[in-house]
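Colleague:
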Amino acid sequence: MTERLRLGRALLLPTLVAFLLLFVLATGARAAWRAAGDVKSVERRADGVVLTLTSGARVSVAFENMETVRVRLAPRGQFERDISYAVAQVQRDETKATITETREEIQVSSMNGATVRIRRRPFLVTVIDGDGRTVVEDDPARPPSFDTETGAFECSKKRVEWETYYGLGEKAGATISRDTQQFVMWNTDTYAYPRGLDPIYQSIGFYVALRKDKDVGRAYGLFLDNTSRTHFDMGKTDPARVTFGAASGELNYYVFTGGRERAPRNVLRDYTELTGRTPLPPLWALGNQQSRWAYSPESRVREVARGFRESKIPADVIYLDIEYMDGYRVFTWDKTRFPEPTKLIADLRAEGFRTVVIIDPGVKVDPNYYVYQQGRSGGYFVKAADGQELHATVWPGVCAFPDFTDAKAREWFGSLYKKHTDEGVAGFWNDMNEPGVFLSAETPKPDIYHHPMKTFPLSAVHAGDGQADTHARYHNVFGMQMARATFEGLKRLRPDARPFVLTRAGYAGVQRYSAVWTGDNVASWDHLRLSIPMLLNMGVSGVPLVGADVGGFSGMTTPELYTRWLQAAALTPMLRSHSEWGSNPHEPYSFPKEFTDINRASVELRYRLLPYLYTLFHEHTETGAPVMRPLWFEYPDDDRVYLVEDQYLVGRDLLVAPVVTEAATKRKVYFPKGDNWVDWWTGQVYEGGKEVEVDAPLDRLPLFARAGAVIPTQPVIQHTGEMTSAPLSLVAVRGADGASSFYEDAGDGYDFQRGAFRTTTATQQGVSLKLARAGVYSGARKIGALEFLPGQLPREVRSAKDVVLLPSAHKGADGHVFVLLPPSEDVEEFSLVP
Ligand code: GLC
Numbered sequence: 134m135t136e137r138l139r140l141g142r143a144l145l146l147p148t149l150v151a152f153l154l155l156f157v158l159a160t161g162a163r164a165a166w167r168a169a170g171d172v173k174s175v176e177r178r179a180d181g182v183v184l185t186l187t188s189g190a191r192v193s194v195a196f197e198n199m200e201t202v203r204v205r206l207a208p209r210g211q212f213e214r215d216i217s218y219a220v221a222q223v224q225r226d227e228t229k230a231t232i233t234e235t236r237e238e239i240q241v242s243s244m245n246g247a248t249v250r251i252r253r254r255p256f257l258v259t260v261i262d263g264d265g266r267t268v269v270e271d272d273p274a275r276p277p278s279f280d281t282e283t284g285a286f287e288c289s290k291k292r293v294e295w296e297t298y299y300g301l302g303e304k305a306g307a308t309i310s311r312d313t314q315q316f317v318m319w320n321t322d323t324y325a326y327p328r329g330l331d332p333i334y335q336s337i338g339f340y341v342a343l344r345k346d347k348d349v350g351r352a353y354g355l356f357l358d359n360t361s362r363t364h365f366d367m368g369k370t371d372p373a374r375v376t377f378g379a380a381s382g383e384l385n386y387y388v389f390t391g392g393r394e395r396a397p398r399n400v401l402r403d404y405t406e407l408t409g410r411t412p413l414p415p416l417w418a419l420g421n422q423q424s425r426w427a428y429s430p431e432s433r434v435r436e437v438a439r440g441f442r443e444s445k446i447p448a449d450v451i452y453l454d455i456e457y458m459d460g461y462r463v464f465t466w467d468k469t470r471f472p473e474p475t476k477l478i479a480d481l482r483a484e485g486f487r488t489v490v491i492i493d494p495g496v497k498v499d500p501n502y503y504v505y506q507q508g509r510s511g512g513y514f515v516k517a518a519d520g521q522e523l524h525a526t527v528w529p530g531v532c533a534f535p536d537f538t539d540a541k542a543r544e545w546f547g548s549l550y551k552k553h554t555d556e557g558v559a560g561f562w563n564d565m566n567e568p569g570v571f572l573s574a575e576t577p578k579p580d581i582y583h584h585p586m587k588t589f590p591l592s593a594v595h596a597g598d599g600q601a602d603t604h605a606r607y608h609n610v611f612g613m614q615m616a617r618a619t620f621e622g623l624k625r626l627r628p629d630a631r632p633f634v635l636t637r638a639g640y641a642g643v644q645r646y647s648a649v650w651t652g653d654n655v656a657s658w659d660h661l662r663l664s665i666p667m668l669l670n671m672g673v674s675g676v677p678l679v680g681a682d683v684g685g686f687s688g689m690t691t692p693e694l695y696t697r698w699l700q701a702a703a704l705t706p707m708l709r710s711h712s713e714w715g716s717n718p719h720e721p722y723s724f725p726k727e728f729t730d731i732n733r734a735s736v737e738l739r740y741r742l743l744p745y746l747y748t749l750f751h752e753h754t755e756t757g758a759p760v761m762r763p764l765w766f767e768y769p770d771d772d773r774v775y776l777v778e779d780q781y782l783v784g785r786d787l788l789v790a791p792v793v794t795e796a797a798t799k800r801k802v803y804f805p806k807g808d809n810w811v812d813w814w815t816g817q818v819y820e821g822g823k824e825v826e827v828d829a830p831l832d833r834l835p836l837f838a839r840a841g842a843v844i845p846t847q848p849v850i851q852h853t854g855e856m857t858s859a860p861l862s863l864v865a866v867r868g869a870d871g872a873s874s875f876y877e878d879a880g881d882g883y884d885f886q887r888g889a890f891r892t893t894t895a896t897q898q899g900v901s902l903k904l905a906r907a908g909v910y911s912g913a914r915k916i917g918a919l920e921f922l923p924g925q926l927p928r929e930v931r932s933a934k935d936v937v938l939l940p941s942a943h944k945g946a947d948g949h950v951f952v953l954l955p956p957s958e959d960v961e962e963f964s965l966v967p
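The sequence shown maps to residues 134 to 967 in our numbering.
1) For L177, count neighbouring Cβ atoms within 10 angstroms of its own Cβ and tell me buried if that reaches 16, exposed if not.
2) Near K345, what residues of its chain come up, given a Cβ to Cβ distance below 6 Å and the 5 sequence neighbours on each side ignored?
3) Check the DSSP bridge columns for Y819 and list the partner residues they point to.
4) Leaving out five residues before and five after L953 in sequence, what residues of the same chain have Cβ atoms less than 8 Å from its Cβ?
5) Leaving aside the five residues before and after D959 along the sequence, list all residues of the same chain whose C-beta is less than 7 Å from its C-beta, in chain order.
6) Beta carbon of A247, beta carbon of E200: below 8 Å?
7) Please check the pair S289 and V375, which I expect to be a contact at CB under 8 Å, by giving their CB distance rounded to whole angstroms.
8) Is the CB-CB distance between T455 and V437 below 8 Å?
9) Figure out for me which residue from H949, F316, G284 and A285 has the closest Cα to the Cα of Y299.
10) Any chance the CB of G495 is under 7 Å from a heavy atom of the ligand GLC?
11) Around the C-beta of M244, are 16 or more other C-beta atoms found within 10 angstroms, so that it is buried, or is it exposed?
12) Thinking C-alpha only, which one of R637, T705, D598 and R625 is nearest M613?
13) Note down the Cα distance separating M318 from L330, rounded to an integer number of angstroms.
14) Does E826 pass the burial test, meaning 16 or more other C-beta atoms within 10 Å, or should it be called exposed?
15) What residues match up with S687 in a beta bridge as DSSP calls it?
16) Indicate whether G675 and T363 have their beta-carbon atoms separated by less than 8 Å.
17) Taking the alpha-carbon positions, what's the G757 to R402 distance?
18) What residues in its chain sit with their C-beta under 6 Å from that of F620, if we drop five residues either side in the sequence?
19) Spatial neighbours of G882 within its chain, please: CB distance less than 6 Å, with the 5 preceding and 5 following residues excluded, ordered by chain position.
20) Starting from the Cα of T185, find the closest Cα among P474, A221 and R253 and give me that residue.
21) Let me check one thing: in DSSP terms, what residues is S874 bridge-paired to?
22) Mark F963 as exposed unless 16 or more other C-beta atoms lie within 10 angstroms of its C-beta, in which case mark it buried.
23) Tell me the residue span of the beta strand (DSSP E) that contains W562.
24) Among W166, I216, P805 and S858, which has the Cα closest to the Cα of G821?
25) Tell me, which residues are paired with S964 by DSSP?
26) Taking Cβ positions, are V204 and V220 nearer each other than 8 Å?
27) What do you reckon, are the CB atoms on A518 and H524 nearer than 8 Å?
28) According to the neighbour-count rule (16 or more other Cβ atoms, all chains shown, within 10 Å of its Cβ), is S573 buried or exposed?
29) With burial defined as no fewer than 16 other Cβ atoms inside 10 Å of the residue's Cβ, what is the status of K304: buried or exposed?
30) Under the three-state reduction of DSSP, which class applies to E287: helix, strand or coil?
31) Can you tell which of A797, L834 and G807 has its C-alpha closest to the C-alpha of T815?
32) What do you get for G391, buried or exposed, if any count of 16 or more other CB atoms within 10 angstroms of its CB means buried?
33) Enumerate in chain order the residues of its own chain whose CB-to-CB distance from P101 is below 7 Å, with the five nearest sequence positions on each side excluded.
34) Nearest to F441 by alpha carbon, out of E484, T465 and E431?
35) When you compare the CB of L419 with every CB in chain C, is at least one pair closer than 8 Å?
36) Rounded to whole angstroms, what is the Cα-Cα separation between L787 and T370?
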């Protein structure tokens with residue numbers, strides 16, 4: 134017998150046994166799956182119905198609002214306490230439902246809104262919009278079913294051909310649309326994740342579906358609210374079906390019909406009404422942010438601050454990564470490298486910089502360390518299944534971890550920030566909160582990204598805010614609840630300052646507490662390309678304040694890559710350069726002069742447009758619309774934009790088409806149908822519905838303004854502290870009628886909630902430009918000039934009093950022409966005579 138054969142025989146038996154075992158397990162597992170069954174009885178409620186099914190499961194179908202349906206299915210017939218980490222806890226009015234029953238069906242309708250048709254045999258749900266169109270329906274071939282042993286469940290919806298899907302939070306998916314892909318939600322620390330790796334850091338089980346029906350794009354949204362491991366198959370296994378499910382818990386989902394228009398913006402409005410919106414961030418957080426692992430010691434931090442001011446590249450924020458701490462103990466300083474933190478922070482502040490520091494969840498197990506002592510005596514740490522404090526290794530070595538699903542632990546952790554707020558730290562960065570922990574040296578590493586021991590054991594115990602359960606259930610909310618502890622702590626400590634929190638991990642609703650960045654991306658052209666659909670999909674998952682590490686976190690960037698990345702990111706909601714230990718410099722001024730000059734121009738463009746960006750965050754608080762928008766969000770009827778992932782809209786009025794390919798100096802731009810677009814730099818007009826190749830030399834970000842829009846700008850400043858003294862300009866983009874508004878307030882604090890804000894609506898109609906102001910804000914800025922894109926300067930500009938204003942026109946930033954307005958008065962109407 135050859136060696137090979139002998140080995141083969143020796144392996145045969147165990148292999149057979151293993152297969153047999155797998156088969157028994159698999160069939161056993163399948164045997165425990167059963168369908169939810171038929172409707173046995175119907176209980177009527179004010180807002181819907183509660184059904185008992187033949188399987189013993191109970192289902193509630195109710196209206197959340199006129200256009201939003203909630204379905205809850207408790208496989209064991211017992212609904213859980215109705216608490217959710219995703220749903221914002223605000224008072225909501227009950228929506229009245231009308232219920233009609235036939236032998237075959239139960240119909241539940243909201244007045245003037247959506248209808249749910251429930252088939253009795255078997256139980257199947259169809260949601261219908263106010264105009265009688267089917268929004269989404271259960272797939273009769275796969276009725277909702279569950280595993281009676283493990284508590285896993287699945288629900289399948291019919292998939293209509295050509296339906297695209299967006300959202301599902303932070304995914305490194307292959308394309309902007311999620312169709313024909315499948316995803317898992319399980320927050321994972323995935324250093325240098327490649328495109329397509331799934332899951333990564335965040336779990337947001339909400340998607341927007343979009344489909345063109347004749348000439349109209351119709352959307353709806355679906356949100357599965359379940360914090361355990363969930364999965365979404367968007368037509369990958371079978372293109373005729375979308376399936377979602379979870380490892381345990383209730384089947385609890387919402388369908389957002391988007392009203393009769395079925396408009397994406399209605400879907401986002403209703404989803405964010407449910408899960409909350411990002412409160413207005415402090416203005417400084419919209420400035421340019423600079424980070425690195427790590428600026429240390431303090432002299433290096435000062436050098437970076439100087440680097441910005443000397444190179445005249447605007448910046449507002451400097452980050453301190455883990456090296457500022459004493460042995461990575463959170464809420465401490467390394468006194469050798471940072472002997473006088475309060476002074477350092479004050480000096481930076483005097484130069485117009487805010488300081489943000491990183492705070493990780495791992496608390497070093499060290500009996501002489503105050504944070505560990507307090508956490509231990511308070512009983513705030515997560516416990517292992519045996520009731521002992523759970524320990525795992527992260528940066529500081531062996532750590533214990535606050536149980537952020539425990540209100541008392543959140544309050545305690547939130548109060549620890551006092552040390553840093555007293556020192557003047559402005560904002561906080563919560564990292565490693567998937568939670569991510571290190572594999573021990575002995576652990577074999579078959580897959581560095583997804584390894585069960587890279588987080589807590591599933592059996593660890595959490596308080597669950599009154600619903601104690603295992604880590605398997607609460608894993609996905611750990612990071613979000615940490616960000617919540619930080620946010621709520623800051624609000625208590627500094628009630629007059631808007632908190633700025635940045636988190637890596639999150640769950641649906643994370644936007645109420647925090648900004649999100651896309652974790653450890655890579656310094657590569659592909660990651661630059663990937664960052665755009667990732668950020669766009671975060672925006673339509675309800676999270677507007679997002680950014681990717683500019684230049685790429687992992688690996689070495691090149692001057693060209695950094696410069697193109699900064700350009701591409703200049704108008705993304707959050708702008709932060711960050712890179713790993715050992716990488717080459719990623720400061721915009723640290724490259725050869727020709728690149729530094731372009732980098733300066735990119736950041737200057739952002740600062741010129743800050744009044745506009747800020748307005749978009751205000752708009753988000755009112756409507757839930759993202760700041761950075763996929764083209765389909767505004768142009769759902771134009772299906773040529775459904776798969777566009779290398780262009781984005783900033784609000785409604787600016788279209789950005791960055792260069793994301795090495796050495797490219799031209800690129801194709803698709804202009805969405807229905808509007809004309811004017812080149813920001815040349816004034817060239819492009820008609821919507823066409824694709825055009827445009828010039829894009831290294832120093833040019835292809836940027837276009839919507840004809841008819843009026844966009845507020847300001848002169849270049851070095852940081853947001855200089856903003857109050859800078860007069861505004863209004864770019865009247867000529868070529869169509871239209872109206873835009875912009876919003877102003879103090880940029881921090883909460884006076885705006887007591888009326889201290891101003892909204893200005895600018896309307897262009899023919900030759901007239903009218904401004905209507907609402908609100909009283911004493912700090913509102915003067916409008917110093919009307920600004921025109923090249924070639925758009927009217928022959929004559931008059932104020933209503935017939936004062937001819939044109940003579941004072943001058944050429945300024947970006948090649949635009951400025952018509953200065955009289956400093957004394959607030960002019961309200963102009964004629965722009967072509
Ligand atoms: C993680 C973070 C990264 C940070 C590093 C050190 O990898 O994602 O941004 O720089 O930890 O704290």
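Ideal placement from N, C-alpha and C gives every residue a C-beta, glycine not left out.
Modeller: Inspection of the coordinates gives the following:
1) Here residue 177 is taken as the residue at index 44 of the sequence shown, counted from 1. Per the sequence shown, the amino acid found at residue 177 is Arg instead of Leu. By the 10 Å Cβ count, R177 comes out exposed.
2) Your numbering for residue 345 matches position 212 in the sequence shown. Around K345: D772.
3) For this step, residue 819 is matched to residue 686 along the sequence shown. Answer by DSSP bridge pairing, in chain order: W810.
4) For the purposes of this step, residue 953 is taken as residue 820 along the sequence shown, with counting starting at 1. So the list reads G917, A918, L938, S941, A942 and H943, once near-sequence residues are dropped.
5) Locating residue 959 in the sequence shown gives position 826, where the first residue counts as 1. Counting only Cβ-Cβ distances below 7 Å, and skipping sequence neighbours, we find nothing.
6) As a working note, residue 247 is residue 114 in the sequence shown. As a working note, residue 200 is residue 67 in the sequence shown. Going by C-beta atoms, A247 is nearer than 8 Å to E200.
7) Mapped onto the sequence shown, residue 289 falls at position 156. Mapped onto the sequence shown, residue 375 falls at position 242. That pair is a contact at about 7 Å.
8) Looking up residue 455 in the sequence shown gives position 322. Looking up residue 437 in the sequence shown gives position 304. According to the sequence provided, residue 455 is Ile. The question's Thr does not apply to it. Pairing I455 with V437 gives a Cβ-Cβ distance that is not under 8 Å.
9) As a working note, residue 299 is residue 166 in the sequence shown. It is F316.
10) Stepping through the sequence shown from its first residue, residue 495 is reached at position 362. The answer is no for G495.
11) Locating residue 244 in the sequence shown gives position 111, counting from the first residue. M244 should be labelled exposed.
12) The residue you call residue 613 lines up with position 480 of the sequence shown. Distances from the alpha-carbon of M613 to those of R637, T705, D598 and R625 put R637 closest.
13) Taking the sequence shown and counting its residues from 1, one reaches residue 318 at position 185. Taking the sequence shown and counting its residues from 1, one reaches residue 330 at position 197. Roughly 12 Å between the two C-alpha positions.
14) Locating residue 826 in the sequence shown gives position 693, counting from the first residue. E826 should be labelled exposed.
15) In the sequence shown, counting from the first residue as 1, residue 687 sits at position 554. V655, per the DSSP bridge assignment.
16) Residue numbering aside, residue 675 sits at position 542 when the sequence shown is read from its first letter. Residue numbering aside, residue 363 sits at position 230 when the sequence shown is read from its first letter. Their beta carbons are not under 8 Å apart, which means G675 does not touch T363 by this criterion.
17) Reading the sequence shown from its first residue, position 624 is the one you call residue 757. Reading the sequence shown from its first residue, position 269 is the one you call residue 402. Approximately 5 Å between the Cα atoms of the pair.
18) As a working note, residue 620 is residue 487 in the sequence shown. Excluding its 5 nearest sequence neighbours in each direction, F620 has C-beta neighbours in its own chain below 6 Å: P632, V634 and Y646, listed in chain order.
19) What you label residue 882 is simply residue 749 of the sequence shown in a count that begins at 1. Leaving aside the five residues that flank G882 on each side, the residues in its chain whose CB is nearer than 6 Å to its CB run, in chain order, D629.
20) Numbered from 1 along the sequence shown, position 52 holds the residue referred to as residue 185. The shortest Cα separation from T185 among P474, A221 and R253 belongs to R253.
21) Along the sequence shown, one-based indexing puts residue 874 at 741. Partner(s): T894.
22) Here residue 963 corresponds to residue number 830 of the sequence shown, with the count starting at 1. The residue in question, F963, is buried, as its Cβ has 16 or more Cβ neighbours within 10 Å.
23) Here residue 562 is taken as the residue at index 429 of the sequence shown, counted from 1. Looking at the DSSP string, the run of the beta strand (DSSP E) that includes W562 is G560 to N563.
24) The count along the sequence shown starts at 1 and reaches residue 821 at position 688. Of the listed residues, the one whose Cα sits closest to G821 is P805.
25) For the purposes of this step, residue 964 is identified with residue 831 of the sequence shown, where counting begins at 1. For S964, which the question treats as bridged, DSSP gives the partners S901 and R931.
26) Along the sequence shown, one-based indexing puts residue 204 at 71. Along the sequence shown, one-based indexing puts residue 220 at 87. In this structure, V220 does not lie closer than 8 Å to V204 by Cβ.
27) Along the sequence shown, read from residue 1 onward, the residue named residue 518 stands at position 385. Along the sequence shown, read from residue 1 onward, the residue named residue 524 stands at position 391. No. Outside cutoff.
28) For the purposes of this step, residue 573 is taken as residue 440 along the sequence shown, with counting starting at 1. S573 comes out exposed.
29) Translated into the one-based positions of the sequence shown, residue 304 becomes position 171. Per the 10 Å Cβ criterion, buried.
30) In the sequence shown, residue 287 corresponds to position 154, counting from 1. Here E287 sits in strand by DSSP.
31) Within the sequence shown, the letter at position 682 stands for residue 815. Of the listed residues, the one whose Cα sits closest to T815 is L834.
32) Your numbering for residue 391 matches position 258 in the sequence shown. G391 should be labelled buried.
33) What is shown of the chain runs 134 to 967, which leaves residue 101 out entirely.
34) On the sequence shown, position 308 is the one that residue 441 refers to. Checked all of E484, T465 and E431; the closest Cα to F441 is E484.
35) Among the chains in the structure shown there is no chain C, since it carries only a single protein chain.
36) Taking the sequence shown and counting its residues from 1, the one referred to as residue 787 is at position 654. Taking the sequence shown and counting its residues from 1, the one referred to as residue 370 is at position 237. Roughly 38 Å between the two C-alpha positions.
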